[in-house]
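Residue 2 is where the sequence shown starts when you use this note's numbering, and the numbers rise one by one after that.
What follows is one structure encoded as structure tokens, with my remarks underneath.
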Amino acid sequence: MTIPGLGQISEEEMRLAMEFRQKMAERMAAISVEGTALGGKVKVSYDGQGQPTRVEIADDALKQGEAAIASAVVEAAKKAQADSIVKMKQTMQSMQQEIAQTLQAQERAAGKM
2 MTIPGLGQIS EEEMRLAMEF RQKMAERMAA ISVEGTALGG KVKVSYDGQG
52 QPTRVEIADD ALKQGEAAIA SAVVEAAKKA QADSIVKMKQ TMQSMQQEIA
102 QTLQAQERAA GKM
């Protein structure tokens with residue numbers, strides 16, 4: 002079959018690409034990171050897509066005032082987002098290695114036949 006921009010690929014290669022796409026989506030969905038500020042009293046969580054999913058502010062943090070809370074939320078969000086990006090990159094690198102190993106194994110198996 003011909004894929005625009007990729008040229009000729011076999012059905013097996015297409016199946017493998019779809020399988021790895023599904024695995025990547027599952028792994029990214031499983032990622033959850035948390036950034037904290039104000040000594041852990043403010044927490045912001047991000048998912049594997051780099052999107053914020055939750056903000057928690059402890060009751061005793063509210064005593065710090067609106068400006069301190071706003072600053073802490075931004076600080077915690079930046080930390081969580083940075084961690085999310087690192088985890089996404091690690092996941093993608095791991096998947097690239099898996100793809101390369103799978104293709105190498107298939108090539109060796111095909112060479113033995």
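Glycine included, C-beta positions come from ideal geometry on N, C-alpha and C.
It should be emphasised that the depicted structure is a prediction, and the values quoted were computed from it without experimental measurement.
How far does the alpha helix (DSSP H) with residue i in it extend, from its first residue to its last?
i, result
"Ala-26", "12-31"
Is the beta carbon of residue j closer than 8 Å to that of residue i?
i, j, result
"Val-45", "Ala-77", "yes"
"Val-56", "Val-74", "yes"
"Gly-36", "Lys-90", "no"
"Ile-70", "Ala-81", "no"
"Gly-40", "Ile-86", "no"
Taking the beta strand (DSSP E) that residue i falls in, what are its first and last residues?
i, result
"Lys-44", "43-48"
Find the nearest neighbour of residue i within the set the options, judged by alpha-carbon distance.
i, options, result
"Ile-32", "Glu-108, Ala-110 and Asp-84", "Asp-84"
"Ser-88", "Met-25, Leu-17 and Gly-8", "One detail in the question is off: residue 88 reads as Lys in this sequence, not Ser. The residue with the shortest Cα to Cα distance from Lys-88 is Met-25."
"Met-15", "Glu-27, Arg-109 and Leu-104", "Leu-104"
"Thr-92", "Arg-22, Ala-110, Gln-65 and Gln-107", "Arg-22"
"Ala-38", "Gln-65, Ala-110 and Gly-8", "Gln-65"
Would you mind giving the Cβ-Cβ distance between residue i and residue j, rounded to the nearest angstrom? I have them listed as a contact below 8 Å.
i, j, result
"Met-29", "Gly-49", "4 Å"
"Ala-59", "Lys-42", "4 Å"
Query raised in the report: In chain order, which continuous runs of the beta strand (DSSP E) of length 3 or greater are located wholly inside the segment 53-106?
Result: Counting whole runs of 3 or more residues, the segment 53-106 contains the beta strand (DSSP E) stretches 53-58.
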